[in-house]
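Student:
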Amino acid sequence: MTTEAAVRLTIADALGKLMKEGLPFRFEAFDGSSAGPADAPFTLRLLNERGLSYLMTAPGDLGFARAYVAGDLELDGIHPGNPYDAMVLIMSQLRFKVPSAAEMVQIVRSLGFGNLKPPPPPAEEHLPKWRRALEGMRHNKKRDAEAIHHHYDVSNRFYELVLGPSMTYTCAVYPTLDSTLEEAQHEKYDLICRKLDLKPGDRLLDIGCGWGGMVRHAARHYGVTVLGVTLSREQATWAQDAIKREGLDHLAEVRFSDYRDVPEGEFDAISSIGLTEHIGVKQYGDYFGFLHSKLRDGGRLLNHCITRPSNKTTTTGAFIDRYVFPDGELTGVGRIQVAAQDAGLEVRHVENLREHYAMTLTGWCDNLVEHWDEALEEVTIGRAKVWGIYMAGSRLAFERNEIELHHVLAVKADARGDASWPLRPTWGS
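Residues 0 to 428 (numbering that gives the first Met the number 0) make up the sequence shown, in order.
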């Protein structure tokens, strides 16, 4: 054993061995050690051995999330409902290096081999992929229902606090920079209605309808008959109550159902707002084929979903997969267009709205901060912290063009190629 390897490091010293350019924040550990500037804008505080074990056994975002959600890692100087400023600093200035073999031995020896045994994960964490596989093939109906249940059946009141009165958990469209979140959500739904060219008497299918925002907007403002479907029982119950409360039950319905079980057909339009992320890339052919089969000739499809800036196959990070969207998959808009075309749909218009999603997430974080105490009456503090880092991190990802948000508008042309389409777009801004 070399002299260097025999020297016992403090936790802060060990962390310093992994940094290329030092820490941009203050770090304090339960062994009394510290690192980073004393006047840093925020402090990361490791409280106990369990938190250290989380960090050592799952390096990266998963270990950090476990320690933070469990309460073993504190972040001072920011509100847990909106840690955006801290994440910007970390993403822009934190640089890791790969330690040498001798350094790694020294780090592990100093921190304790016993900490390489992973503690049980926090209750807020979903099963790992291998355990989910025991529940069935990825994206079968049962496993999809479980994934949706994990994320959406949290507490309708919690979502009311975070999302605001619209109860809309998808990207808004801001008419101006100073538009409110509610104004922007109204504009999003109205833009989709205009793109779909909805008219009184039309029949609309809204798949993955959430709490029925699109369903109610289209029925109220465009006089269409709307069927919405969701895999979340709590969403369906809330949506049906809202439909009755607003006197729209003669036009609108929301079912607790898998979209693949909808028996009706010959719809004038289909909206899919925030569902494709849960479908799985390998299922795109079946997905767009099903939508094609449900449209009448001349019927339109608006597919609204989060995308990646390239069409390369990439995996969702461990934190997102375990804590936010189990089995979620993203790809580039090119793959989505190809799948829609291969299913027989004609793609007529594509629009990227990623800056709008960053603004939407800002509004949601502001809501969570404002209603933090009430939110903790609905969910655990661990769950609330998950939402804070998830939304703030997603905002940063949209701003940095690491993820995007695309509208793909397509039509089912008839056998002669007639798409019932105007010479130029008619939906305005």
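Glycine included, C-beta positions come from ideal geometry on N, C-alpha and C.
1. When the Cα atoms are used, what is the spatial distance from Leu439 to His303?
2. Run the CB neighbour count on Val253, radius 10 Å, all protein chains shown included, and call it buried at 16 or more, exposed below.
3. Closest to Gly76 by CA distance: which of Lys194, Ala39, Leu274, Ser109 is it?
4. By DSSP's criteria, Ile269 is part of a beta bridge. Which residues make up the other side?
5. Considering just the uninterrupted stretch of the alpha helix (DSSP H) at Arg244, what are its terminal residues?
6. Could you check which residue in Ala338, Glu354, Pro117, Gly392 has the C-alpha nearest to that of Cys364?
7. Using the Cβ count rule (16 or more neighbours within 10 Å means buried), how would you classify Ala122?
8. Report the three-state DSSP secondary structure of Leu46 (helix, strand or coil).
9. What is the DSSP secondary structure of Leu274, reduced to helix, strand or coil?
10. Nearest to Glu398 by CA position, among Gly427, Ser270, Gly200, Met86, is which residue?
11. Would you check if the distance between the CB atom of Pro118 and the CB atom of Arg49 is smaller than 8 Å?
12. Flag this pair as yes or no: are the beta carbons of Glu350 and His406 separated by less than 8 Å?
13. Leaving out the 5 sequence neighbours to the left and right, which residues in its chain are closer than 8 Å to Pro174 when beta-carbon positions are compared?
14. Beta carbon of Gly163, beta carbon of Asn366: below 8 Å?
15. What number of angstroms, rounded off, separates the C-alpha of Arg7 from the C-alpha of His125?
16. Among residues of its own chain, excluding the 5 on either side of Leu422, which ones have a beta-carbon nearer than 7 Å to its beta-carbon?
17. If you count every other CB in all the chains shown that lies within 10 Å of the CB of His149, and 16 or more means buried, which is it?
18. Look at His216 and Tyr258 and say whether their C-beta atoms are less than 8 Å apart.
19. So, helix, strand or coil for Ala383, using DSSP?
20. How is Asn351 classed by DSSP in three states: helix, strand or coil?
21. Taking the beta carbon of Pro82 as the centre, do at least 16 other beta carbons fall within 10 Å, making it buried, or is it exposed?
22. Identify every run of the beta strand (DSSP E) within the stretch 59 to 113, keeping only runs that are complete inside it and at least 3 residues long; order them along the chain.
23. Check whether the stretch 283 to 293 and the stretch 339 to 347 are in contact - that is, three or more C-beta pairs closer than 8 Å.
24. For Gly15, report the span of its alpha helix (DSSP H) as first-last.
25. Can you list, in chain order, the residues of its chain whose CB lies under 8 Å from that of Arg353, leaving out five sequence neighbours each side?
26. My guess is that Gly80 and Gly387 are in contact by the Cβ rule of under 8 Å, so how many angstroms apart are they, rounded?
27. Exposed or buried, what is Ala100 when buried is set at 16 or more other beta-carbons lying within 10 Å of its beta-carbon?
28. Rounded to a whole number of angstroms, what is the C-alpha to C-alpha distance between Trp129 and Gly59?
29. Consult DSSP for Gly209 and reduce its assignment to one of helix, strand or coil.
30. So the candidates are Ile305, Ala28, Asp296; which of them puts its Cα closest to the Cα of Ala171?
31. Find the nearest neighbour of Glu233 within the set Leu61, Tyr158, Gly279, judged by alpha-carbon distance.
32. On the three-state DSSP scale, how would you describe Ile402?
33. Can you find the residues in the same chain that come closer than 6 Å, C-beta to C-beta, to Met299, ignoring five residues on each side of it along the sequence?
34. DSSP puts Ser33 in a beta bridge; with which residues?
35. Just to confirm the assignment, what range does the alpha helix (DSSP H) spanning Phe157 have?
Tutor: The answer reads as follows:
1. The requested residue 439 does not occur in the structure, where the chain is confined to residues 0 to 428.
2. Looking at its Cβ environment, which holds 16 or more other Cβ atoms inside 10 Å, Val253 is buried.
3. Ala39
4. Leu204, Leu300
5. 232 to 244
6. Gly392
7. exposed
8. coil
9. coil
10. Met86
11. yes
12. yes
13. Only residues of its own chain outside the window of five on either side were considered, and among them Glu182, Ala183, Glu186, Ser428 have a CB closer than 8 Å to the CB of Pro174, listed in chain order.
14. yes
15. About 36 Å.
16. none
17. The pLDDT assigned to His149 is 43, lower than 50, so where the model puts this residue is not dependable, and the model offers no usable value.
18. no
19. helix
20. strand
21. buried
22. 72 to 75
23. yes
24. 10 to 16
25. Phe397, Asn400, Ile402, Glu403, Leu404
26. 5 Å
27. exposed
28. Any reading at Trp129 must be qualified, since the residue scores a pLDDT of 41, below 50, and its modelled position is unreliable; no value is offered.
29. Judged by DSSP in its simplified three-state form, Gly209 adopts coil rather than helix or strand.
30. Ile305
31. Tyr158
32. coil
33. Looking at the sequence shown, residue 299 is not Met but Arg. Excluding residues within five positions, the ones whose Cβ falls inside 6 Å are Leu195, Ala268, Val410.
34. Glu27
35. Annotation: the continuous alpha helix (DSSP H) that includes Phe157 extends over 155 to 162.
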